[in-house]
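To keep things clear, I will list the structure first and then write my remarks on it.
Protein chains: 2
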Amino acid sequence: MRAEIISVGTELLLGEVTDTNAPYLSQQMAQLGIDVYHRTTVGDNEHRLVAALEQAQANSDLVIITGGLGPTADDITKQVVARFVNQPLVGDQAAANKIAHYFAERTEVPAPNNHTQAEYINGGRSLANSVGLAVGTYYYAQATQTHYVLLPGPPQELQVMVEQELVPVLRQSLPNLQPLFTHVMRFFGISESRLAALLADVIAQQSDPTIALYAQHGEVTIRLASRANTSAEAEKKLMQCANVILEQAGQYYYGHGADNSLANVLVQKLQQEHLTIAAAESLTAGLFQSTLATIPGVSAVFYGGFVTYATEAKERFLGVPHELIAQNGVVSQATAQAMAQHTQKRAQTDIAVSFTGVAGPGQVDGLPAGTVWIGLQFKDQKPQAQEFHWPKMTRQEVRQRAVLAGLMMVLQALKKQ
Amino acid sequence: MRAEIISVGTELLLGEVTDTNAPYLSQQMAQLGIDVYHRTTVGDNEHRLVAALEQAQANSDLVIITGGLGPTADDITKQVVARFVNQPLVGDQAAANKIAHYFAERTEVPAPNNHTQAEYINGGRSLANSVGLAVGTYYYAQATQTHYVLLPGPPQELQVMVEQELVPVLRQSLPNLQPLFTHVMRFFGISESRLAALLADVIAQQSDPTIALYAQHGEVTIRLASRANTSAEAEKKLMQCANVILEQAGQYYYGHGADNSLANVLVQKLQQEHLTIAAAESLTAGLFQSTLATIPGVSAVFYGGFVTYATEAKERFLGVPHELIAQNGVVSQATAQAMAQHTQKRAQTDIAVSFTGVAGPGQVDGLPAGTVWIGLQFKDQKPQAQEFHWPKMTRQEVRQRAVLAGLMMVLQALKKQ
Numbered sequence: 267m268r269a270e271i272i273s274v275g276t277e278l279l280l281g282e283v284t285d286t287n288a289p290y291l292s293q294q295m296a297q298l299g300i301d302v303y304h305r306t307t308v309g310d311n312e313h314r315l316v317a318a319l320e321q322a323q324a325n326s327d328l329v330i331i332t333g334g335l336g337p338t339a340d341d342i343t344k345q346v347v348a349r350f351v352n353q354p355l356v357g358d359q360a361a362a363n364k365i366a367h368y369f370a371e372r373t374e375v376p377a378p379n380n381h382t383q384a385e386y387i388n389g390g391r392s393l394a395n396s397v398g399l400a401v402g403t404y405y406y407a408q409a410t411q412t413h414y415v416l417l418p419g420p421p422q423e424l425q426v427m428v429e430q431e432l433v434p435v436l437r438q439s440l441p442n443l444q445p446l447f448t449h450v451m452r453f454f455g456i457s458e459s460r461l462a463a464l465l466a467d468v469i470a471q472q473s474d475p476t477i478a479l480y481a482q483h484g485e486v487t488i489r490l491a492s493r494a495n496t497s498a499e500a501e502k503k504l505m506q507c508a509n510v511i512l513e514q515a516g517q518y519y520y521g522h523g524a525d526n527s528l529a530n531v532l533v534q535k536l537q538q539e540h541l542t543i544a545a546a547e548s549l550t551a552g553l554f555q556s557t558l559a560t561i562p563g564v565s566a567v568f569y570g571g572f573v574t575y576a577t578e579a580k581e582r583f584l585g586v587p588h589e590l591i592a593q594n595g596v597v598s599q600a601t602a603q604a605m606a607q608h609t610q611k612r613a614q615t616d617i618a619v620s621f622t623g624v625a626g627p628g629q630v631d632g633l634p635a636g637t638v639w640i641g642l643q644f645k646d647q648k649p650q651a652q653e654f655h656w657p658k659m660t661r662q663e664v665r666q667r668a669v670l671a672g673l674m675m676v677l678q679a680l681k682k683q
Numbered sequence: 267m268r269a270e271i272i273s274v275g276t277e278l279l280l281g282e283v284t285d286t287n288a289p290y291l292s293q294q295m296a297q298l299g300i301d302v303y304h305r306t307t308v309g310d311n312e313h314r315l316v317a318a319l320e321q322a323q324a325n326s327d328l329v330i331i332t333g334g335l336g337p338t339a340d341d342i343t344k345q346v347v348a349r350f351v352n353q354p355l356v357g358d359q360a361a362a363n364k365i366a367h368y369f370a371e372r373t374e375v376p377a378p379n380n381h382t383q384a385e386y387i388n389g390g391r392s393l394a395n396s397v398g399l400a401v402g403t404y405y406y407a408q409a410t411q412t413h414y415v416l417l418p419g420p421p422q423e424l425q426v427m428v429e430q431e432l433v434p435v436l437r438q439s440l441p442n443l444q445p446l447f448t449h450v451m452r453f454f455g456i457s458e459s460r461l462a463a464l465l466a467d468v469i470a471q472q473s474d475p476t477i478a479l480y481a482q483h484g485e486v487t488i489r490l491a492s493r494a495n496t497s498a499e500a501e502k503k504l505m506q507c508a509n510v511i512l513e514q515a516g517q518y519y520y521g522h523g524a525d526n527s528l529a530n531v532l533v534q535k536l537q538q539e540h541l542t543i544a545a546a547e548s549l550t551a552g553l554f555q556s557t558l559a560t561i562p563g564v565s566a567v568f569y570g571g572f573v574t575y576a577t578e579a580k581e582r583f584l585g586v587p588h589e590l591i592a593q594n595g596v597v598s599q600a601t602a603q604a605m606a607q608h609t610q611k612r613a614q615t616d617i618a619v620s621f622t623g624v625a626g627p628g629q630v631d632g633l634p635a636g637t638v639w640i641g642l643q644f645k646d647q648k649p650q651a652q653e654f655h656w657p658k659m660t661r662q663e664v665r666q667r668a669v670l671a672g673l674m675m676v677l678q679a680l681k682k683q
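What follows is the structure, encoded as structure tokens:
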């Protein structure tokens with residue numbers, strides 16, 4: 267089963283829009299057991315779209331075409347593909363009703379071509395669009411044994427249509443696929459190359475599941491992938507491999523799942539343990555707290571805190587003694603610890619975290635950009651602080667890395683208790 | 267001059283990496299006056315790369331190939347293209363020295379193929395890589411009158427090579443291009459469709475410069491673009507058009523430039539006026555302050571502030587009276603104004619901004635998700651507050667939109683004074 271993606275849209279060729287549909291579709295197809303071998307982007311131009319369709323028909327079993335299903339004159343995809351497979355377009359009554367209802371509710375007048383958004387290729391299946399107005403199409407061309415899929419360009423419409431409509435249709439039409447099962451493991455505090463070195467033997471010995479490492483946003487993820495007929499069969503292989511990896515690199519591991527994050531794992535853990543948290547941030551200036559607050563339900567554990575950007579704010583907001591900062595420097599172990607201690611006292615939480623450092627560009631008190639102290643006051647234990655050096659990062663990277671390091675410090679303290 | 271981009275990499279076809287190089291290259295070529303008509307993505311596979319090259323040679327004058335210049339066995343791009351144009355690879359001595367120096371400085375042993383990263387196509391030009399180790403190539407095939415360009419896959423290497431090496435080479439090799447000049451205008455507080463309606467006449471009458479609207483991250487930008495022989499000639503046309511647009515929609519305009527932002531414009535304005543700012547954030551939980559802090563030099567104007575996530579924190583950190591919140595509700599005009607007033611008093615800044623609202627999911631005090639009050643204490647003026655409703659947005663979108671609305675409120679207050 268060889269698949270190909272054709273992305274249609276002049277805005278893609280102009281570079282005004284980055285094509286995120288194609289990688290999304292590739293991932294979805296891989297999970298179904300379908301390999302994407304080729305990808306083409308053409309403008310809203312009949313001649314070039316037909317050339318791409320001819321090439322795709324010659325090389326692929328499944329051709330997925332995205333974009334150009336809208337009502338304006340430059341949206342020609344559906345019409346061109348219908349002519350290419352020698353079929354007329356036919357109306358989907360439910361979709362036509364939805365369009366009529368949409369405009370009845372509004373003062374807008376439908377464009378002359380709005381009804382075409384409810385049309386699909388005769389002999390195929392209409393794929394409902396629960397987000398927008400344009401339906402998709404699944405069509406199987408018997409003569410060339412080619413499966414065609416038409417999907418809308420806007421990513422939010424395309425993704426819902428793929429998950430709700432296309433995946434079930436393809437599962438039904440292509441019954442012999444062996445799906446891919448994956449397990450994503452998440453690590454922080456180790457570089458991709460060091461983790462690869464640590465796991466060199468495991469990686470060399472392992473062929474099923476496959477092991478792939480990715481570095482992104484300061485974390486490293488390991489994706490284990492295995493084809494199997496049932497999820498139970500896959501699960502067994504994936505968990506065996508995951509356990510071997512945990513034996514080698516468990517200290518850097520914090521959780522699993524493709525959509526997981528350090529903030530999510532920490533908030534869940536705090537909820538389980540009924541602990542509250544506050545923070546005082548200098549160089550990160552609220553990024554730690556606003557990262558925590560991305561997690562729904564965080565209000566049960568997150569009280570609030572301080573952004574002490576100016577040195578004086580550390581004294582005025584937190585009550586850190588002027589002399590302590592003057593003697594030790596604003597970026598120091600003593601200041602980080604005092605910030606965490608005083609924050610816990612003011613907020614009356616179980617845990618307080620503090621950040622002070624040099625985001626750059628430029629030095630502070632002779633300390634180079636990328637020097638960061640993170641303080642932690644954990645219940646009534648002695649205050650701690652850890653020093654980090656990220657000398658080659660940009661201002662934003664230093665701040666983001668500091669937030670992750672702070673989240674990991676709290677998680678590790680929770681594990682130890 | 268018809269151009270085509272071929273992206274090489276199995277990771278792209280698997281959807282593990284989103285191709286941002288292709289849109290970047292499209293934009294760069296558009297600025298040079300070169301139109302990209304076609305884009306193809308193939309895996310690290312000789313047969314399929316050759317098929318893509320054959321098609322590109324038949325259809326395009328300039329073929330840009332990205333990716334596959336590394337030292338590992340699956341990096342085959344340079345070798346395949348060299349065979350395709352019947353040329354051997356030759357070494358770039360400076361690049362070879364750089365690679366030798368790189369490994370001499372480290373304990374790593376160079377891979378057997380590392381020296382190939384210093385090779386380019388005979389008869390062409392080596393394009394230096396100031397970020398990584400692999401050189402690029404510019405090669406003109408006389409027989410077919412095709413220009414070939416090879417670039418590395420990592421975006422940070424590719425972008426520097428394009429700007430420092432490729433653009434000057436193309437300007438020299440293709441002297442008759444008419445470059446594209448652009449002027450990007452930035453708006454906030456109006457939707458793309460409303461701005462388009464407001465400017466309908468201007469857009470209909472205008473053909474040079476062209477006018478394109480884009481909605482992104484809560485803002486709307488207008489890109490004016492014009493081809494011209496000199497920048498002075500372009501500047502005149504662009505500024506005339508910009509002034510007509512400002513007459514219609516000036517109240518939503520906040521600045522210009524493709525890389526500009528509300529935070530950047532505000533920080534610059536505060537610096538010019540020698541004003542300081544602080545904030546108290548509930549639903550945004552530090553996102554406003556950490557957004558300000560992304561701008562280098564912000565420490566001259568940004569003092570710090572509070573994250574008052576829990577209702578009690580608004581009382582304890584700021585001193586907002588318990589009764590005021592109990593009587594008016596935590597998401598209310600009175601609470602927003604009191605938060606701003608008390609923050610200004612505690613921080614002793616010229617300006618204080620406050621955020622209280624319902625990020626969602628779920629209601630607060632019967633108010634639906636997306637209800638936000640932003641308070642502003644500007645010098646010794648009366649405190650203000652503005653109410654916003656973003657009912658259809660996600661939790662994150664509500665928070666991000668609130669931050670932008672807060673930045674715009676301060677900017678407008680600065681304009682009025």
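First to last, the protein sequences are chains G and Z.
Heads up, the first sequence stops at 683 in the numbering used here, and the numbers go up one at a time, no gaps.
Heads up, the second sequence stops at 683 in the numbering used here, and the numbers go up one at a time, no gaps.
For glycine and all other residues, C-beta sits at the position ideal for the given N, C-alpha and C.
- In this structure, the alpha-carbon of Arg268/G lies about 40 Å from that of Leu443/Z.
- Near chain Z, meaning a CB-to-CB distance below 9 Å, the residues of the segment 555-574 of chain G are Gln555, Ser556, Thr557, Leu558, Ala559, Thr560, Pro562, Val564, Ser565, Phe568, Tyr569, Gly570, Gly571, Phe572, Val573, Thr574.
- With contacts defined as CB atoms closer than 7 Å, Asp310/G and Thr286/G fail to qualify as a contacting pair.
- Phe583/Z carries a coil assignment under DSSP once its states are collapsed to helix, strand and coil.
- Under the Cβ distance rule, Pro441/Z does not count among the residues neighbouring chain G, no pair being separated by less than 7 Å.
- Contact note: Tyr386/G does not reach chain Z at a C-beta cutoff of 7 Å; the least C-beta distance is about 26 Å.
- Contact annotation: in the segment 290-318 of chain G, residues whose CB is within less than 9 Å of a CB in chain Z are Tyr290, Leu291, Ser292, Gln293, Gln294, Met295, Ala296, Asp301, Val302, Tyr303, His304, Arg305, Thr306, Thr307, Val308, Gly309, Asn311, Arg314, Ala317, Ala318.
- Nearest neighbour of Gln353/Z by Cα position, chosen from Arg372/Z, Glu385/Z, Val435/Z, Asp340/Z, turns out to be Glu385/Z.
- The Cβ atoms of Val401/Z and Asp358/Z sit closer than 7 Å to each other.
- In the three-state reduction of the DSSP assignment, Val351/Z falls in the coil class.
- Thr284/G has a beta carbon lying within less than 7 Å of a beta carbon in chain Z.
- Under the criterion of beta carbons closer than 8 Å, Leu464/G and Ala515/G qualify as touching, at roughly 5 Å.
- With respect to chain Z, the C-beta atom of Leu424/G has no partner C-beta closer than 7 Å.
- Ranked by Cα distance from Glu423/Z, the options Pro445/Z, Leu399/Z, Val433/Z, Gln408/Z are led by Leu399/Z.
- Burial is judged here by how many other beta carbons sit within 10 angstroms of a residue's own beta carbon; Glu547/Z has at least 16 and is buried.
- For His367/Z, the enclosing alpha helix (DSSP H) begins and ends at 359-370.
- For the segment 646-666 of chain Z, residues whose beta-carbon sits nearer than 9 Å to a beta-carbon of chain G comprise Arg661, Gln662, Arg665.
- Counting of Cβ neighbours within 10 angstroms places Leu461/Z among the buried residues, the total reaching 16 or more.
- When 9 Å is used as the limit between beta carbons, Phe621/G is near no residue of chain Z, the shortest such separation being about 11 Å.
- Ala579, Arg582, Phe583: these are the residues of the segment 579-609 of chain Z whose beta carbon lies less than 8 Å from some beta carbon of chain G, given in chain order.
- Short of 6 Å from the beta carbon of Val664/Z, and not among the five residues preceding or following it, lie these beta carbons of its own chain, in chain order: Ala625, Gly636, Trp656.
- Thr550/Z reaches chain G at Ser556, counting residues in chain order whose Cβ is nearer than 7 Å.
- Taking Asp474/Z as the centre and dropping the five residues before and after it, the same chain places the C-beta of Ser492 closer than 6 Å to its C-beta, in chain order.
- Secondary structure of Met267/Z (DSSP, three-state): coil.
- When DSSP states are grouped into helix, strand and coil, Leu673/G belongs to the helix group.
- Taking a Cβ-Cβ cut-off of 7 Å, the neighbours of Leu280/G in chain Z comprise Ser292, Ala296, given in sequence order.
- Residue pairing by DSSP places Val638/G opposite Gly623/G, Phe654/G in a beta bridge.
- Distance from the CA atom of Ile477/G to the CA atom of Gln506/G, rounded to whole angstroms, is 13 Å.
- In the DSSP assignment, Ile469/G falls outside any beta strand (DSSP E) and lies within the alpha helix (DSSP H) extending over 466-471.
- With respect to chain Z, the C-beta atom of Leu680/G has no partner C-beta closer than 7 Å.
- DSSP assignment within the segment 376-427 of chain Z yields the following whole alpha helix (DSSP H) runs of 4 residues or more, N-terminal first: 421-427.
- Residues are counted here when their Cβ sits less than 7 Å from a Cβ of chain G; for the segment 627-645 of chain Z these are Pro627, given in chain order.
- The residue from Ile272/Z, Glu282/Z, Leu328/Z with its alpha-carbon nearest to that of Leu315/Z is Ile272/Z.
- Under the 10 Å beta carbon count, Ala322/Z is surrounded by 16 or more other beta carbons and is classified as buried.
- Contacts between Ala576/Z and chain G, judged by CB atoms closer than 8 Å, involve Ser565, Phe568, Tyr569, Gly570 in chain order.
- Around the beta carbon of Asn509/G, fewer than 16 other beta carbons lie within 10 angstroms, which makes this residue exposed.
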